[in-house]
Amino acid sequence: MKSSAWMVISLVIVCLISGGLLARVYLSTKPRIEAQKQFELRQRLIELLPSAKQFNEIIRDTLWIGLDENNRPTGIIFRVAPLGYGGPIPILVALNCDTTINKIYIGSAAEGLKETPGLGYKVRDEEFLNQFINKNYHALSLVRNGGTIQAITGATISSQAVINGIKLGISRFAQYLPVKDSILIKEDTIQSIEADTIK
Amino acid sequence: MKNRVNRLKYFTDGILKENPILVIMIGLCPTLATSTTAKDALGMGIAASFVLIASNIVISLIRKFVPNSVRIPIFIIVISTFVTIVDYVMQAYAPALYRVLGVFVPLIVVNCIILGRAEAFAYHHGVFDSFLDGLGKSLGFTLVIVCMGIIREYLSTAKIFGFNIGPKFLSTNPVLFMLFPPGGFLLIGILKALVNKFINKTPE
């Protein structure tokens, strides 16, 4: 009888101690963790669009406008997550004012990339990403479809997904750029890209 | 005198004679998942070693108060509390380290080596012995997982720790099979066969 009571009490004590400890650690580290995340995001944004001195968040965690020291927009950065082979591919894209791509960044496994290591995971390689620099909307398609992007060997689905995601993002967010007439994408193009992405 | 030799044995046994992966054959899940590159394997090894040593110490400290019938739930609470604290603290105070090890930290909770050592060793031994056991076992774990990482990374990309070293034909025709779980299983099998043949010659 005594031992069964002790069984319950000891479990309760251990749970209380661990619960209390966790709450304490969580509360005391939370502000620092948040600050770290913000800091890292800011570093990432600066890396993607070095011409900007300040970033205005237009859509929470999705769209930022970069402003230079005279408060003139120098470009936008947006986040897209097209469906790749293993799951959504987290991509940050920086667009210049003339709608060409300044730089793109693809998140690591820690940031949610689920592509196959050694195959689809190579979308993070410089060799693949550098192909996007200074390209505009119309140049973005795979070489075998008449475009300029060389797909990763054995990972056509992931390569295509990155392209689709970026195109979809450009067509959605280019309207936030100061120069509007350089890119005119009609609603039906957007729909056809969306259909491609789902396929 | 005999005592000291025994204690040293707790430490040395874990490295090869009672290697957690190749001899006890536990903790295979994180081993397969993270031994695809040498860097990931080393990260997992360090993170798991830290938790294993600490949980061995804590569990051997509280072993007198833990009733036999509920020991497993208590071990799991202790281990997962510890892992979560490590996760938060690392995220807040060592973000650079977290970027490398962060993915592996939640995986440690399900690493059976840690629960296995708590149950088989720390629950019956003193604090210092448990520390030695944890140190030995985590060294053995890290050693094997890094070896596997090096072999799998080399065969599948011709690189080791991200540095290109291999012959050209290997980087153009990589053995991608080694990256996938079947390749990992195959490698564990080969390493175990080697260890059985040359180190643990058990008469059967």
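Order-wise, the sequence lines are chains W and A. Take the first sequence: its position 199, counted from the start at 1, is 199 in my numbering, and no numbers get skipped. Take the second sequence: its position 188, counted from the start at 1, is 188 in my numbering, and no numbers get skipped. Heads up, the beta-carbon is just placed ideally off N, CA and C, and yes, glycines get one too. Since the model is a prediction, treat every value here as computed from it, not as a measurement.
Selected residue, minimal CA-CA separation from residue i, among the options
i: histidine 124 of chain A; options: A/Tyr154, A/Ile59, A/Leu107, A/Asn19; result: A/Ile59
i: asparagine 71 of chain W; options: W/Val80, W/Gly86, W/Ser51; result: W/Ser51
i: threonine 12 of chain A; options: A/Gly27, A/Ser138, A/Thr36; result: A/Ser138
i: isoleucine 85 of chain A; options: W/Gly20, W/Val8, W/Thr153; result: W/Gly20
i: proline 73 of chain A; options: W/Ser10, W/Gly120, W/Glu111; result: W/Ser10
i: threonine 37 of chain A; options: A/Leu186, A/Ser171, A/Ile160; result: A/Ile160
i: arginine 144 of chain W; options: W/Ala23, W/Leu67, W/Thr153; result: W/Thr153
i: cysteine 97 of chain W; options: W/Pro73, W/Ile91, W/Ala81, W/Tyr105; result: W/Pro73
i: phenylalanine 131 of chain A; options: A/Phe50, A/Pro30, A/Val23, A/Cys29; result: A/Phe50
i: threonine 148 of chain W; options: W/Ile163, W/Ala155, W/Ile157; result: W/Ile163
i: serine 35 of chain A; options: A/Ala193, A/Asn196, A/Pro181; result: A/Pro181
i: alanine 208 of chain A; options: W/Val12, W/Tyr137, W/Thr29; result: The structure shown does not extend to residue 208 of chain A, since chain A is modelled only from 1 through 204, so no value can be given for it.
i: glycine 14 of chain A; options: A/Tyr98, A/Thr142, A/Gly166; result: A/Thr142
i: phenylalanine 39 of chain W; options: A/Cys29, A/Ala96, A/Ile188, A/Pro20; result: A/Ala96
i: threonine 99 of chain W; options: W/Val25, W/Leu27, W/Lys167; result: W/Lys167
i: isoleucine 190 of chain A; options: A/Leu22, A/Arg7, A/Phe82; result: A/Leu22
i: isoleucine 57 of chain A; options: A/Leu115, A/Asn173, A/Ile199, A/Lys9; result: A/Leu115
i: leucine 28 of chain A; options: A/Lys197, A/Lys192, A/Ile199, A/Tyr98; result: A/Lys192
i: tyrosine 10 of chain A; options: A/Val83, A/Leu135, A/Arg99; result: A/Leu135
i: leucine 26 of chain A; options: A/Val144, A/Ile77, A/Val5, A/Ile165; result: The amino acid at residue 26 of chain A is misidentified as leucine; the sequence shows isoleucine. Of A/Val144, A/Ile77, A/Val5, A/Ile165, the residue nearest in Cα terms is A/Val144.
Assigned secondary structure, residue i (DSSP; H/G/I helix, E/B strand, else coil)
i: asparagine 111 of chain A; result: coil
i: tyrosine 93 of chain A; result: helix
i: glutamate 57 of chain W; result: strand
i: proline 178 of chain W; result: coil
i: arginine 72 of chain W; result: coil
i: glycine 66 of chain W; result: strand
i: valine 14 of chain W; result: helix
i: isoleucine 46 of chain W; result: helix
i: leucine 142 of chain W; result: strand
i: phenylalanine 198 of chain A; result: helix
i: valine 66 of chain A; result: coil
i: asparagine 56 of chain A; result: helix
i: phenylalanine 104 of chain A; result: coil
i: valine 127 of chain A; result: helix
i: lysine 30 of chain W; result: helix
i: phenylalanine 78 of chain W; result: strand
i: phenylalanine 141 of chain A; result: helix
i: lysine 159 of chain A; result: strand
i: isoleucine 149 of chain W; result: strand
i: asparagine 3 of chain A; result: helix
i: asparagine 164 of chain W; result: helix
i: isoleucine 198 of chain W; result: At isoleucine 198 of chain W, the pLDDT of 48 sits below 50, so the modelled position is not reliable; the number obtained from the coordinates is stated separately. Isoleucine 198 of chain W: helix per DSSP, three-state reduction.
i: methionine 7 of chain W; result: helix
Cβ neighbour criterion (16 or more within 10 Å) applied to residue i
i: phenylalanine 104 of chain A; result: buried
i: proline 178 of chain W; result: exposed
i: alanine 54 of chain A; result: buried
i: arginine 117 of chain A; result: buried
i: glutamine 160 of chain W; result: buried
i: glycine 84 of chain W; result: buried
i: glutamine 91 of chain A; result: buried
i: methionine 178 of chain A; result: buried
i: serine 156 of chain A; result: buried
i: leucine 221 of chain W; result: The first residue shown for chain W is 1 and the last is 199, placing residue 221 of chain W beyond what the model contains.
i: leucine 16 of chain W; result: exposed
i: proline 117 of chain W; result: buried
i: alanine 158 of chain A; result: buried
i: lysine 168 of chain A; result: exposed
i: threonine 133 of chain A; result: Checking the sequence shown, residue 133 of chain A turns out to be aspartate, not threonine. Aspartate 133 of chain A comes out buried.
i: leucine 49 of chain W; result: buried
i: tyrosine 154 of chain A; result: buried
i: isoleucine 133 of chain W; result: exposed
i: leucine 95 of chain W; result: buried
i: phenylalanine 185 of chain A; result: exposed
i: proline 205 of chain A; result: The question about residue 205 of chain A has no answer, for chain A in this structure spans 1 to 204.
i: leucine 92 of chain W; result: buried
Heavy atom of the ligand ATP within 6 Å of residue i beta-carbon
i: alanine 174 of chain W; result: Absent from the structure shown: the ligand ATP. Ligands present: none.
Would you call the region 34-48 of chain A and the region 119-134 of chain A touching, i.e. three or more CB-CB distances under 8 Å? Touching, no.
So within the region 83-132 of chain W, which uninterrupted beta strand (DSSP E) runs reach at least 3 residues, ignoring any that extend past its ends? Assignment of beta strand (DSSP E) within the region 83-132 of chain W, counting only whole runs of 3 or more residues, yields 91-96, 101-106 in chain order.
Could you tell me whether the region 60-67 of chain A touches the region 148-162 of chain A, using the rule of 3 or more Cβ pairs below 8 Å? The region 60-67 of chain A is not in contact with the region 148-162 of chain A.
On the three-pair Cβ rule with 8 Å, is the region 128-143 of chain W touching the region 73-83 of chain W? The answer is no - the region 73-83 of chain W does not touch the region 128-143 of chain W, with fewer than three Cβ pairs under 8 Å.
Does the region 121-130 of chain W touch the region 91-111 of chain W, meaning 3 or more C-beta pairs lie closer than 8 Å? Yes, the region 91-111 of chain W touches the region 121-130 of chain W.
Counting Cβ pairs closer than 8 Å, one from the region 52-70 of chain W and one from the region 167-177 of chain W, do we hit at least three? With a cut-off of 8 Å, the region 167-177 of chain W and the region 52-70 of chain W count as touching, because enough Cβ pairs lie within range.
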